[in-house]
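Here the structure is laid out as structure tokens; the discussion comes afterwards.
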Amino acid sequence: MTIAQYRTPAMPSARIFSTIFVVLMALAPVAVPLSVRAQIASGNTYTIGGIDVDVSGADAVQARQQAIREARQKAVRLLVERMVPAEDRAKVPPVSDQRLDGMVRGVEFARERTAGNRYIGTLGVVFSAEPVKQWLGEAGISIAETVARAALVIALWKDKDGLQALDERNAWRDAWGGLDTLGTAVPLALIRGDQLDQDAMTVEQAYVGDVSALARLNERYRAPTLIVAIAEGDKAGPIKLGGVRYDMQTGARSEVMTLSVPDSSQLADAAKKIHAKLDEDWRGLATVRRDQQAGLDVVVPLRALADWVQVRQRLGAIPAIRTVSVRTLEADRAELHLDYYGSAEQLQKVLMQAGLQLERDAEKWRLQVR
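Heads up: take any position in the sequence shown, counting from 1, add 97, and you land on the working numbering.
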């Protein structure tokens, strides 16, 4: 965050102001663009990791070489999914081996083993940013970087006998565990449900949304998002599905997609649909078009210190916002300048998805928590 200017007009309460200022300084001790915090881009590179390969060849060496080639091809497809808007993907040109050589900066090996003429591994591919931008730019495609945000899933099943234990295996948990979310904007992981998890949180606390218990659980996983996915009904059906998404960084929560299935055989498809909606919603918030930049002055009404904290946290979670400059800060209002990517209309949309409302009020823009 950039604090561009600070002035102190007459204040209703110096004590209130001092408290707000101290919290502001704690939240933003250095001038750092907000969008730097979580990107597939790191400096001048894009990294696609977690690519599983399983290849056989004439011998182990040739199998490894073929696995690297396959990983590079998979990685470029995943890169397109993350960086190119869906409506532009048909325009993406094929990439030759020679061009791919110029785009790939290196290959990382997270895990690998050989067995005879078979090679099995998990690889990551690092792309140089400029050749990638040039390749897509030649086709008239403007890059829209999607910042992936992992989520931890707590899959709960409630039947006529009550809530099943966190470590009890069931079709709903298996449905979430079977999803392939590699390359999506919301890659998923399931809680282990072991004794450590049970000591941190009971199944009842997860069901009612006990935020303190969820935070204790998340001390182990450090996930930015928790999803409590709930199935209610007997296996024979019908089964009602829903849940809540918890943003562990901003404190915001929202309901996930709700639906009903006739029996447990449909749970895998249902989990896939719910994840697709989560992915779609997050892409709407986290997709950044860097071909257009603008700035906007806004006024933030403040009734309490908590209002300011919420606004700052939610602004900090929006990749499209480059920097936030605090012009003035008073007990009942703050005046900010936002530098952002995209248009004002797109900014309003992503702010709304982040739980913030931007409205024109007389001659000024007003920003507040929804």
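Don't be surprised by glycine CBs; every beta carbon is placed ideally from N, CA and C. Quick caveat, the model's predicted, so the values are computed rather than measured.
For residue 454, which residues does DSSP report across the bridge? 465
Comparing C-alpha positions only, which one of 309, 252, 389, 261 sits nearest to residue 340? 252
Secondary structure of residue 397, DSSP reduced to three states: strand
Three CB pairs or more closer than 8 Å across the stretch 440-456 and the stretch 408-425: yes
With DSSP collapsed to three states, give me the class of residue 172. helix
Considering only DSSP beta bridges, list what residue 239 is partnered with. For residue 239, which the question treats as bridged, DSSP gives no partner whatsoever.
Please list, in chain order, all residues of the same chain as residue 336 whose beta carbon is under 6 Å from its beta carbon, the five residues on each side excluded. Answer for residue 336: 328, 330, 358, listed in chain order.
By how many angstroms is the C-alpha of residue 345 removed from the C-alpha of residue 285? 15 Å
Going by CA-CA distance only, name the one from 361, 354, 381 that's closest to residue 370. 354
Beta-carbon separation of residue 145 and residue 221 under 8 Å? yes
Delimiting residues of the alpha helix (DSSP H) encompassing residue 423: Here residue 423 belongs to no alpha helix (DSSP H); instead the beta strand (DSSP E) covers 418-426.
Mapping DSSP to helix, strand and coil, what is residue 390? Residue state, collapsed to three classes: strand.
Nonlocal neighbours in the same chain, by C-beta distance under 6 Å from residue 432, ignoring five residues either side: 396, 424, 425
In whole angstroms, what separates the C-alpha of residue 81 from that of residue 435? Nothing about residue 81 can be reported from this structure: the residues present for the chain run from 98 to 467 only.
Tell me where the alpha helix (DSSP H) around residue 308 begins and ends. 308-318
For residue 361, count neighbouring Cβ atoms within 10 angstroms of its own Cβ and tell me buried if that reaches 16, exposed if not. Buried, because 16 or more other Cβ atoms sit within 10 Å of the Cβ of residue 361.
Can you find the residues in the same chain that come closer than 8 Å, C-beta to C-beta, to residue 238, ignoring five residues on each side of it along the sequence? Around residue 238, the same chain offers 181, 185, 188, 189 as residues with beta carbons nearer than 8 Å, after the five sequence neighbours per side are excluded.
Euclidean distance between Cα positions of residue 228 and residue 310: When rounded, the separation of the alpha-carbon atoms in residue 228 and residue 310 is 46 Å.
Where the beta strand (DSSP E) through residue 287 begins and ends: 285-287
For residue 322 and residue 246, which I take to be in contact (beta-carbon distance under 8 Å), what is that distance rounded to the nearest angstrom? 6 Å
Please say whether residue 287 and residue 275 have beta carbons closer to each other than 8 Å? In this structure, residue 287 does not lie closer than 8 Å to residue 275 by Cβ.
How should residue 234 be labelled, buried or exposed, when 16 other C-beta atoms within 10 angstroms of its C-beta is the threshold for buried? exposed
The stretch 253-262 in contact with the stretch 290-306 per 3-pair CB rule at 8 Å: yes
Kindly indicate which residue of 393, 406, 430, 389 has the alpha-carbon position closest to the one of residue 399. 430
Can you tell me where the alpha helix (DSSP H) holding residue 229 begins and where it ends? 226-234
Locate the beta strand (DSSP E) running through residue 208, then write down its first and last residues. 201-212
Pull up the CB-CB distance for residue 367 and residue 393, whole angstroms please, since I reckon it's below 8 Å. That pair is no contact at about 40 Å.
Which residues in the same chain have their Cβ closer than 6 Å to the Cβ of residue 374, if we skip the five residues on either side of it in sequence? 354
Cβ-Cβ distance between residue 356 and residue 272 below 8 Å: no
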